[in-house]
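When the letters of the sequence shown are read in order and numbered with the working numbering, they come out as residues 586 to 692.
Glycine residues also receive a C-beta, built at the ideal position from the N, C-alpha and C atoms.
The structure displayed is predicted, hence computed values, not measured ones.
Below: one structure, written as structure tokens.
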Amino acid sequence: NSWYNRGLLTVLSIGLLGMGIDIFGFSVIVTGCSCDFQLELWQKSIMLSMPFVGPIFMSIPWGYISDTKGRRKTLLIALWGSFLSSFISAFSPNWIMLAVLKISSSC
Numbered sequence: 586n587s588w589y590n591r592g593l594l595t596v597l598s599i600g601l602l603g604m605g606i607d608i609f610g611f612s613v614i615v616t617g618c619s620c621d622f623q624l625e626l627w628q629k630s631i632m633l634s635m636p637f638v639g640p641i642f643m644s645i646p647w648g649y650i651s652d653t654k655g656r657r658k659t660l661l662i663a664l665w666g667s668f669l670s671s672f673i674s675a676f677s678p679n680w681i682m683l684a685v686l687k688i689s690s691s692c
């Protein structure tokens with residue numbers, strides 16, 4: 586039982602570290618893509634706030650899914666979903682799609 590808890594703590598810590606790098610590294614991406622997408626200040630502000638919006642709105646649904654489906658299954662779904670959203674966001678053709686994908690990748 587203690588090995589399970591240690592393993593779960595390790596996986597969650599690595600996931601949280603990746604989430605932190607994804608969220609705070611996004612400011613570098615927004616600065617770089619502001620020329621490509623010709624972003625104004627309000628658009629940059631919206632994009633920079635998107636990674637913080639996802640966890641606020643999705644914490645209750647993820648908690649419910651975790652309670653009903655189990656922690657392991659929920660963790661696998663969340664990590665793979667975050668990975669896929671982050672990967673797809675690299676190919677975003679406009680700033681709106683990038684912002685929406687950052688919401689889903691930070692959940």
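Distance check between F609 and each of C620, M632, F622, S644 places M632 closest, using alpha-carbon atoms only. An exposed status is given to M682, since fewer than 16 other beta-carbon atoms sit within 10 Å of its beta-carbon.
Inclusion of K687 and F611 in the CB contact set at 8 Å is warranted, their separation being smaller than that value. Counting the other Cβ atoms within 10 Å of the Cβ of W680 gives 16 or more, which makes it buried. Nearest in C-alpha terms to M643, of all of S667, E625, G655, is S667. In the three-state reduction of the DSSP assignment, F676 falls in the coil class.
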